[in-house]
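Colleague: Have a look at this one.
In UniProt numbering, the protein residues as written are 1 to 802.
Here is the structure:
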């Protein structure tokens, strides 16, 4: 349990170290974040400055509950006001057909633009030219035509990369004249100057011919229609665009067309009723004229005829029965027609179409007639007929905004089927009752007629003429009354919706470009670029970038971290005792002395995996710093392939280790004194062709024994261990194998190679030293001292120390 807790603590500690190391990388590159942040702000400002302005206009529509009109319950048996479905109204406002109608009303066949640096400016309400289509053929839509005046009367029109009807036209350019039709294989139009706009010669504009369908769809997609208050009936229309006046005009025209649409839907039933009555009146007027002439002629010829009271009563009864029979017969025919058409047609609108054929004229195609027109006063039937007509109207409105399989549409169709079934059952009952009434009236009429037969022939004719005239006159009066009622309904109808707030320039506000947001986005993008670069660089960088990365790759001890050498001198510990690099070697010396046993000699083999990692530099300065501590130190240049120490210490290198191993010189002859007290130096000598054989011939073993007897510390500068085996041979005799890795030069794979050598026992007592390190706050804290305390080339407390 304890080991598990320790593991978790170590894991948390390592994660904190990793986070802190990355934080320092960010802080140490603050200037890049500042630079790119400023650039991001500049780009955001430029984008805001050169972007076209965006305006937002808004209008509000109030949808009221439908109240009963003057047609009244006594005329059409309307069931009263109905609740509002706001979503239906929103669907109509968002319909592409209504938007297309608005575009047509505004006459937006063309749009003019001026090419700016970064955007195209909409010239709405300031069009430089007026465009008229000649009607020769349809002009291609949404294709920019560039117009440039070259004189007061002539212009140049050009089109770039036009693709139309599979024909490619590039760099099209031609001349035209104002007021004269311009025609080619694609276009046909006339241009005239706008008298309210001054068009400079040489200034270029362009315009496009619009397709109402596509541009209407564009505005539908940009239009926002929302239910302002869920408890109320307010609908808000919001539209954004680059031209404020264009946005305002579209919203206001859309509101007007919507109001007209609602009113036309509301008037449709009454208008259809008037058309039906007019058709009936045409036939009744002819019958009334004919019966009136016959009655007048008969009266003029038989002025002395006087009916008896009995005849008068019989005539009155027969007249009353004939009126009842006529009304019942019309009622029966209407019921049969309704019943027949309901059974034979799926859509209720077809009922009206067939009724129109019965009467010989078209009286509407959207709504049905109220049965009260033919005196069917059954309230249930009247309500069902009106309800079915309204359901089909509602279905048509809903189809503007939803698909056929929409849940709302399915519910509506189910309600239509239920209403049709109820209407059919009601019609069956009315049909049976009306047929009974007709049979009863027929029997009573037969009785009255039998009484009239007994009257004199002249009286009988008088009765017939008068009866026909009165019947037609009463029917004519009845129809005129119904027509007047329907016209009153039309005149009194108002739309259930009204414009509460119209869009205007005062209420329109500029909503873009949003400078603050663009600046923030630009700044965030700007500072994210260095962040991404640092993360990417760290991901792909395989070199050792920090002490943390080195410790993460190996469990071998890191004895020292040597600071970056800013000077060209190779041995600095004597010349610059207060420098950061000298302090680095002091720290390394302390760690090495802690590893040694008192009064016991130590042989240190300074190794590197690859050339260029600074092992010779480390060897020279480590030997010097040990000698400064009054220890007897010998520096041996065991790299006999590419020796560098001889040049550092000013030795000619004519006599050295290779001579000794070849038994050409004795030990004392190859030892060279140095200018540093307590430090001696043995150069590599002449470059040998077989240094590995010299190091393994047994002579080198005796050489090491001699060194142990004479010196406290022996520093061997060995050859790179991954290139040749010389370093591995000398490393066998070392008490410590100090392998040098260079900051941001040595690769992490080299650390894996060192780990394998240590694990296999090829090299024993392996320790690491990180060379050429660029110190930062994070790394100074990790190695135990603060920047600026010892070094003479770093700022300490704001003062440069030299």
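Cβ atoms here follow ideal geometry from the backbone N, Cα and C, with glycine treated the same way.
Considering only DSSP beta bridges, list what residue 227 is partnered with.
Modeller: BP columns for residue 227 point to 235.
Colleague: For the segment 508-572, which segments carrying the alpha helix (DSSP H) assignment without a break, of at least 4 residues, lie completely within its bounds, in sequence order?
Modeller: Taking only runs of at least 4 residues, the alpha helix (DSSP H) segments lying wholly in the segment 508-572 are 515-540 and 547-553.
Colleague: Tell me the rounded alpha-carbon separation between residue 557 and residue 608.
Modeller: Between residue 557 and residue 608, the C-alpha separation is close to 16 Å.
Colleague: Quick one: what does DSSP say residue 202 is sitting in, helix, strand or coil?
Modeller: Reduced to three states, the DSSP call for residue 202 is coil.
Colleague: Is residue 235 buried or exposed, if buried means 16 or more other CB atoms sit within 10 Å of its CB?
Modeller: Buried.
Colleague: Three or more beta-carbon pairs under 8 Å between the segment 687-696 and the segment 584-595, yes or no?
Modeller: The segment 687-696 vs the segment 584-595: no contact.
Colleague: Rounded to a whole number of angstroms, what is the C-alpha to C-alpha distance between residue 703 and residue 537?
Modeller: Their backbone Cα atoms lie some 48 Å apart in a straight line.
Colleague: Identify which residue in 98, 774 and 438 has its Cα closest to the Cα of residue 324.
Modeller: Out of 98, 774 and 438, 438 has the C-alpha closest to the C-alpha of residue 324.
Colleague: Restricting to Cα atoms, I'd like to know which of 626, 604 and 649 is closest to residue 728.
Modeller: If we check each option's Cα against that of residue 728, 604 comes out closest.
Colleague: From residue 523 to residue 735, what distance separates their C-alpha atoms?
Modeller: The alpha-carbon atoms of residue 523 and residue 735 are separated by roughly 57 Å.
Colleague: What is the rounded straight-line gap between the Cα of residue 126 and the Cα of residue 147?
Modeller: Approximately 15 Å, taken between the alpha carbons.
Colleague: Going by other Cβ atoms of all chains shown within 10 Å of its Cβ, with 16 needed for buried, is residue 767 buried or exposed?
Modeller: Buried, since its Cβ has 16 or more Cβ neighbours within 10 Å.
Colleague: Tell me which residue opens and which closes the alpha helix (DSSP H) that residue 47 is part of.
Modeller: Per DSSP, residue 47 belongs to the alpha helix (DSSP H) from 30-50.
Colleague: Which term fits residue 491, buried or exposed, when burial requires 16 or more other beta carbons within 10 angstroms of its beta carbon?
Modeller: Exposed: under 16 other Cβ atoms inside 10 Å.
Colleague: Taking 8 Å as the limit between beta carbons, can you name the residues of its chain near residue 347, skipping five residues before and five after?
Modeller: A caution first: residue 347 carries a pLDDT of 47, below 50, which makes its placement in the model too unreliable to give a value.
Colleague: Would DSSP call residue 155 helix, strand or coil?
Modeller: Residue 155 falls in the strand class under three-state DSSP.
Colleague: Could you tell me the boundaries of the alpha helix (DSSP H) in which residue 648 lies?
Modeller: Unbroken alpha helix (DSSP H) run through residue 648: 645-648.
Colleague: Excluding the 5 residues preceding and the 5 following residue 252 in the sequence, name in chain order all residues of the same chain whose CB lies nearer than 6 Å to its CB.
Modeller: Correct list, in chain order: 502 and 503.
Colleague: Nearest to residue 505 by CA position, among 183, 243 and 516, is which residue?
Modeller: Looking at the Cα atoms, 243 is the closest of the given residues.
Colleague: Am I right that residue 37 and residue 527 are in contact with their C-beta atoms under 8 Å? What's the rounded C-beta distance?
Modeller: About 5 Å separates the two Cβ atoms, so the contact holds.
Colleague: Quick one: what's got a C-beta closer than 7 Å to residue 564's C-beta in the same chain, skipping five residues either side?
Modeller: Excluding sequence neighbours, residue 564 sits near 772, 773 and 774.
Colleague: For residue 118, does the three-state DSSP call read helix, strand or coil?
Modeller: Coil, per DSSP.
Colleague: Would a C-beta distance cut-off of 8 Å place residue 239 and residue 255 closer than the cut-off?
Modeller: Not in contact: residue 239 and residue 255 (Cβ atoms no closer than 8 Å).
Colleague: Please tell me whether residue 212 and residue 145 are closer than 8 Å, where the distance is taken between their beta carbons.
Modeller: No.
Colleague: Using only the alpha-carbon positions, how far apart do residue 754 and residue 606 sit?
Modeller: Cα to Cα, residue 754 sits roughly 13 Å from residue 606.
Colleague: Excluding sequence positions up to five away, which residues of its chain have a Cβ less than 8 Å from the Cβ of residue 339?
Modeller: Excluding sequence neighbours, residue 339 sits near 424, 427, 428 and 431.
Colleague: Considering only their Cβ atoms, is the gap separating residue 87 from residue 496 smaller than 8 Å?
Modeller: Cβ atoms of residue 496 and residue 87: not closer than 8 Å.
Colleague: Please state whether the Cβ-Cβ distance between residue 204 and residue 115 is less than 8 Å.
Modeller: For residue 204 and residue 115, yes; Cβs fall inside 8 Å.
Colleague: Could you give the distance in angstroms between the alpha-carbon of residue 593 and the alpha-carbon of residue 602?
Modeller: Rounded to the nearest angstrom, the two C-alpha atoms are 9 Å apart.
Colleague: Using C-beta distances below 8 Å, list every residue in its chain close to residue 16, excluding the 5 sequence neighbours before and after it, in chain order.
Modeller: Contacts found: none.
Colleague: Measure the C-alpha to C-alpha separation of residue 19 and residue 401 and round it to an integer number of angstroms.
Modeller: The alpha-carbon atoms of residue 19 and residue 401 are separated by roughly 55 Å.
Colleague: From the DSSP output, in three-state form, read off residue 57 for me.
Modeller: Strand, per DSSP.
Colleague: Whose CA, out of 62, 279, 488 and 191, lies closest to the CA of residue 226?
Modeller: The residue with the shortest Cα to Cα distance from residue 226 is 62.
Colleague: Where residue 135 and residue 183 are concerned, what is the direct C-alpha to C-alpha distance, given to the nearest angstrom?
Modeller: One C-alpha to the other measures close to 11 Å.
Colleague: Between 231, 770 and 111, which has its C-alpha nearest residue 209's C-alpha?
Modeller: Selected option, being the one with the closest Cα: 111.
Colleague: Residue 698 lies in the alpha helix (DSSP H); which residues open and close that run?
Modeller: Residue 698 -> no alpha helix (DSSP H), and no H or E assigned at all.
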